[in-house]
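Here the sequence shown is numbered in UniProt numbering, starting from 1 and rising by one per residue. No residue lacks a Cβ here, since even glycine has one placed at the ideal position from N, Cα and C. What you are looking at is a predicted structure, and each value in this text was computed from that prediction instead of being measured. To keep things clear, I will list the structure first and then write my remarks on it.
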Amino acid sequence: MADRYDCTECNASLYGQKYILKEENPYCIKCYETLFSFSCEVCQLLIACTSKDLSYKDRHWHSECFLCIKCSRSLVDRPFSTKEDMLMCIECYSNEYSAKCHACLKTIMPGSKKMEHKGNSWHENCFTCNRCQQPIGTKSFVQKEGNNYCLPCYEKQFAQQCVHCKKPITTGGVNYHDQPWHKECFVCIGCKQQLAGQRFTSRDDFAYCLNCFCNLFAKKCAYCTTPISGLGGSKYISFEQRQWHNDCFNCKRCCVSLVGRGFLTCRDDVLCPDCGKDI
1 MADRYDCTEC NASLYGQKYI LKEENPYCIK CYETLFSFSC EVCQLLIACT
51 SKDLSYKDRH WHSECFLCIK CSRSLVDRPF STKEDMLMCI ECYSNEYSAK
101 CHACLKTIMP GSKKMEHKGN SWHENCFTCN RCQQPIGTKS FVQKEGNNYC
151 LPCYEKQFAQ QCVHCKKPIT TGGVNYHDQP WHKECFVCIG CKQQLAGQRF
201 TSRDDFAYCL NCFCNLFAKK CAYCTTPISG LGGSKYISFE QRQWHNDCFN
251 CKRCCVSLVG RGFLTCRDDV LCPDCGKDI
C-alpha cells in the first residue's frame with residue numbers, strides 16, 4: 001500500500017489534488033490561502049494563489065485593485081507615489097502636490113530638475129535672465145522687482161559704477177559725497193584701511209581715518225604732545241598758540257586741574273594762582 005500524502009494542516013489527502021509546498025511541507029490550496037495569503041488593502045478579500053499579489057511597504061493588493069486613488073488608472077507596471085498611504089500615479093501626485101513653475105505656471109514633475117529661490121520654483125529652462133533670456137542655471141544672479149538677471153545683464157542695466165575703480169557695484173556699496181564706492185575701495189588716503197562702518201573725517205576732499213587725520217593735521221597737546229583731535233565734541237584748552245587736552249591742563253606744581261579756573265604762566269608752564277604766588 002502506497003504511503004499517504006496529506007495536507008500538513010487539515011490532513012486531507014493530496015493525491016490527484018493541487019497543492020503548494022512551503023518549507024517542504026505540502027498544503028492544500030484552501031489551507032495555504034487561509035494560513036499564508038494576504039488580504040487586499042482595497043477589497044479586503046484574500047489574494048488567491050492563482051492571483052497576482054502586488055506588495056508595497058508590507059501592504060498587498062490584487063492587481064485589479066492596485067489603482068490610483070484619484071484617477072483610478074491601474075498602477076501595475078507604472079511609476080507611482082504615495083501621500084498619507086494613498087497610492088497615486090505620478091501625474092495625479094504632481095498635479096496635487098508638486099511645485100508649480102513661477103514662470104510658466106505648469107507643474108514641475110518629480111524627478112525633473114528645478115531651480116528654487118526665496119520660496120519660488122522654476123523649471124530649469126524657465127529660470128532665465130529677464131534681459132538676455134538665457135538660462136541662469138547655477139550661475140550667480142540678482143533679483144530686482146521680481147525679475148531675475150544674470151550678473152552681466154544686471155550690471156549693464158542697473159548697477160552703479162564705483163567712482164574709484166570704475167567697476168559695477170552689485171552689493172555692499174558706500175555713498176560718500178553723493179558718489180558710489182565699493183566698500184573695499186573706500187579707504188583712508190593715509191593708511192589704506194577700509195572706512196566703511198567706522199568714524200572718519202575729510203580734508204581737501206580726501207577721506208582719513210581718525211588716527212591718520214590727527215597724526216597729520218591735529219595740534220599737539222603742550223603737555224603730553226599727543227594729537228588733540230577736537231572731533232566728536234571732545235574739549236580742549238587753547239591759550240596763546242598752545243593747546244592742551246582737558247585732562248592735561250593742570251598746574252605744573254600741585255597738579256590741580258585748571259579747567260574753568262584762573263591760572264598763571266611761567267615760561268612753558270601753567271600754574272594755579274596759589275602756586276603762582278611764589279614766582
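Nearest residue (CA-CA) to residue i, options the options
| i | options | result |
| --- | --- | --- |
| residue 161 | 237, 175, 148 | 175 |
| residue 102 | 132, 92, 148, 138 | 148 |
| residue 191 | 177, 216, 205 | 216 |
| residue 224 | 26, 24, 248, 15 | 248 |
| residue 320 | 123, 153, 113, 144 | This structure leaves residue 320 out entirely; the chain is present only between 1 and 279. |
| residue 83 | 77, 76, 93, 74 | 93 |
| residue 57 | 256, 110, 81 | 81 |
| residue 70 | 64, 91, 41, 79 | 91 |
| residue 9 | 32, 49, 15 | 32 |
| residue 280 | 241, 246, 260, 270 | Residue 280 cannot be examined here, being either before or after the span of the chain that is shown, 1 to 279. |
Per-residue burial, residue i [other beta carbons within 10 Å of its own, 16 or more giving buried]
| i | result |
| --- | --- |
| residue 55 | exposed |
| residue 1 | Unreliable positioning characterises residue 1 in this predicted model, as indicated by a pLDDT of 39, which lies under 50. The coordinate reading is nonetheless provided below. Result: exposed. |
| residue 88 | buried |
| residue 239 | exposed |
| residue 45 | exposed |
| residue 316 | Outside the displayed span of the chain (1 to 279) sits residue 316, for which this structure offers no information. |
| residue 182 | buried |
| residue 36 | exposed |
| residue 141 | buried |
| residue 48 | exposed |
Neighbourhood of residue i by C-beta distance below 6 angstroms, restricted to the same chain and skipping five residues each side
| i | result |
| --- | --- |
| residue 219 | 228, 243 |
| residue 237 | 244, 249 |
Opposing strand residues paired with residue i [DSSP bridges]
| i | result |
| --- | --- |
| residue 207 | 202 |
| residue 242 | 239 |
| residue 173 | 182 |
| residue 13 | 6 |
| residue 62 | 53 |
Cut-off 8 angstroms between Cβ atoms - residues of its own chain near residue i, not counting five sequence neighbours on either side
| i | result |
| --- | --- |
| residue 125 | 135 |
| residue 169 | 159, 160, 161, 162, 180, 181, 182 |
Close Cβ partners of residue i (< 7 angstroms) along its chain, the five nearest in sequence each way excluded
| i | result |
| --- | --- |
| residue 262 | 273 |
| residue 61 | 40, 41, 42, 54 |
| residue 113 | 124 |
| residue 194 | 183, 184, 186, 187 |
Margin query: To test your reading of the DSSP string, which unbroken beta strand (DSSP E) runs of 3 or more residues are found completely within the stretch 68-152?
Written below: 80-83, 86-89, 114-117, 120-123, 141-144, 147-150
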